[in-house]
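Following: one structure in structure tokens, then a few remarks.
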Amino acid sequence: MKVYTFPRGGINLNDKSAPSAINSSLSFLPGIAVLPMIQHNGVHAYPVVSVGDHVEEGELVARGQGAGSANIHAPVPGKVIQYASWKLPEKISNGAVVIRMEGKFDLLGKATKEYSWQDASPFELRRLLSEYGVIEMEGRGRPLSEVFAGAQKGSNGNRTLVVRCVFDDPWLAADYCLCKERPEAAAEGALIAAKAAGASNILIAASASEKVLASLIGDKIAAFSPYPQQGDAPELYMVLVGSKYPQHGRTELTWSLRQFEKKENAPLGNLMFLGPSSLAAIYDAVKFHKPVLDRYVAVGGSAVKHPRVLKTRIGTRLRDVFAECGGWKIQPKRIAIGSPMTGRAVFSTDEPVIKTTYAVFAVAQDTLNARSVFFGGNSVLDLRAGGRTPGKPLSKRYFSAFGKKPEGRRYVTAMHCIGCGECREVCPTGLDPEDIYKSISEKKHGLSVSRLVMRCHGCGCCEAVCPSNLPLATALINPAFKGE
Ligand code: SF4
Ligand code: SF4
């Protein structure tokens with residue numbers, strides 16, 4: 102079977118401090134659950150409970166208000182003990198309902214009633230997704246009811262739901278475990294999503310090495326027959342794609358699938374991408390009327406004793422998540438949420454797991470780059486040892502030019518570029534990150550540079566391989582960057 106991939110760039114990621122994706126463990130229920138009112142890409146949800154109220158497991162605690170906002174439910178039963186509020190680095194207000202667990206569980210361990218969805222209209226399915234607070238469980242966290250409604254409005258022809266089983270980053274271990282442990286949820290979730298979005302095709306995009314896993318999901322989709330007429334069922338495709346990072350990115354996956362479309366003469370139309378976690382959340386909401394209360398999270402990093410994939414409740418504080426993995430092997434210097442390539446630094450282990458948290462990690466070395474140093478926001482970690490293409494030692498030129506490796510990135514400037522060209526080589530969009538970075542840091546960027554910057558999707562490859570530790574991706578995707 103042919104393997105489709107993006108035309109240029111990318112890196113092979115291999116991080117030994119990431120958890121093994123063999124299986125997941127069920128984490129303890131959190132004694133204190135912290136529920137931020139922004140877990141999605143819109144404005145904060147509006148709390149409907151007050152301090153002192155008792156809430157049941159799965160009860161609505163905050164209602165989404167307006168576009169991009171989503172409902173939030175109590176992951177554990179208990180008493181609301183606090184409403185905390187703070188400002189995000191971007192000056193946006195956020196708040197959190199804090200619940201102390203007490204009382205009995207209504208959903209955990211109880212037999213759950215199954216609801217039929219075959220006769221529900223797409224509108225009714227979207228209403229259920231909205232009611233149970235289902236969002237994209239990765240990335241920006243857009244409410245799926247809006248994504249599906251937009252997909253129906255935005256195109257009048259062919260639509261394809263792409264099931265993303267692409268594991269080019271070891272920190273996608275949580276999705277991998279979910280696929281293995283709940284393939285029926287991913288499969289039926291895809292069928293529900295296709296109906297809610299009016300998609301005529303379902304395409305499973307899988308890493309070439311995961312053919313068996315993709316076939317398992319594909320077989321479950323094919324065996325499921327919720328449609329009265331066989332002709333009503335969506336067309337099913339399986340496409341193998343490359344395993345270089347960032348193959349799972351929207352742009353790279355689209356390039357690869359368009360090649361497939363052309364070669365196989367299979368009209369795909371508009372593409373809609375969903376990962377296994379989102380599909381499982383859709384399945385739980387529609388089939389069991391269960392809100393988003395938990396998720397699989399990959400926990401690891403060089404400072405963590407026993408990295409593993411945990412199935413944990415939303416609202417569990419990071420300190421509890423790390424304690425569940427045996428605590429610290431070495432005192433961590435940095436803690437971040439997400440993949441080391443595109444993650445976000447956190448400054449307190451009181452920060453909780455939210456719906457979009459697919460990985461958290463703590464590292465023993467102070468390797469976060471300028472993005473966290475200067476903006477306290479997103480960060481790309483120095484994964485160069487694992488990320489660099491083997492056989493290309495780049496640091497020698499750096500050492501001969503500057504004598505020693507800088508301790509951090511705080512003092513690294515554009516003049517430290519040694520012109521090795523590695524950043525150009527790995528950029529999947531064909532940009533010259535070195536040149537753009539110099540224009541930005543010398544404040545010479547005009548319209549032409551801004552246009553180039555718009556092509557950057559922040560994969561972080563250039564920054565990960567730069568031997569001079571220049572904050573390339575940081576500068577390109579952060580409009581506030583003014584050079585160091
Ligand atoms: S310039 Fe942007 S797209 Fe290119 S490698 Fe860097 S972060 Fe990725
Ligand atoms: S990888 Fe770093 S040092 Fe090499 S050309 Fe790019 S910016 Fe310069």
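Letter by letter, the sequence shown follows residues 102 to 585 in my numbering. Just so it is clear, CB atoms sit at the ideal spot from N, CA and C, and this is done for glycine as well. Everything numeric in this text was worked out from a predicted model, so none of it was measured.
CB of residue 577 to nearest heavy atom of ligand 1: below 6 Å?
yes
Assigned secondary structure, residue 170 (DSSP; H/G/I helix, E/B strand, else coil)
coil
Do residue 461 and residue 419 have their beta-carbon atoms positioned less than 7 Å apart in this structure?
Cβ distance < 7 Å, so residue 419 and residue 461 count as in contact.
Considering only residues of the same chain and omitting the five flanking positions on each side of residue 206, which have a CB-CB separation below 7 Å?
158 and 178
Taking 8 Å as the threshold, find out whether the stretch 158-175 comes into contact with the stretch 122-132 through three or more Cβ pairs.
no
For residue 575, count neighbouring Cβ atoms within 10 angstroms of its own Cβ and tell me buried if that reaches 16, exposed if not.
Per the 10 Å Cβ criterion, buried.
Within the continuous alpha helix (DSSP H) that includes residue 336, where are the two ends?
Not the alpha helix (DSSP H): residue 336 falls in the beta strand (DSSP E), residues 336-342.
Just verifying my parser: in three-state terms, what is the DSSP assignment at residue 457?
Residue 457 falls in the coil class under three-state DSSP.
Limits of the unbroken alpha helix (DSSP H) element including residue 293
Looking at the DSSP string, the run of the alpha helix (DSSP H) that includes residue 293 is 284-298.
Pick from 376, 360 and 388 that is closest to residue 227, judged by C-alpha positions:
388
Does the beta-carbon of residue 349, which I'm using as the reference point, lie nearer than 6 Å to any heavy atom of ligand 3?
The model depicted lacks ligand 3 and carries ligand 1 and ligand 2 instead.
Counting pairs of beta carbons, one from the stretch 284-291 and one from the stretch 242-250, are three or more of them closer than 8 Å?
no
DSSP beta-bridge partners for residue 304?
263 and 338
Which residues does DSSP list as the beta-bridge partners of residue 373?
262
Taking Cβ positions, are residue 270 and residue 440 nearer each other than 7 Å?
Yes; because the gap between Cβ atoms is below 7 Å, this pair is in contact.
CB of residue 286 to nearest heavy atom of ligand 1: below 6 Å?
Not so, every heavy atom of ligand 1 lies at least 6 Å from the Cβ.
Bridge-paired residues (DSSP) for residue 137
197
Given 8 Å, three or more beta-carbon pairs between the stretch 412-429 and the stretch 369-382
They do not touch, by the three-pair rule.
How should residue 216 be labelled, buried or exposed, when 16 other C-beta atoms within 10 angstroms of its C-beta is the threshold for buried?
exposed
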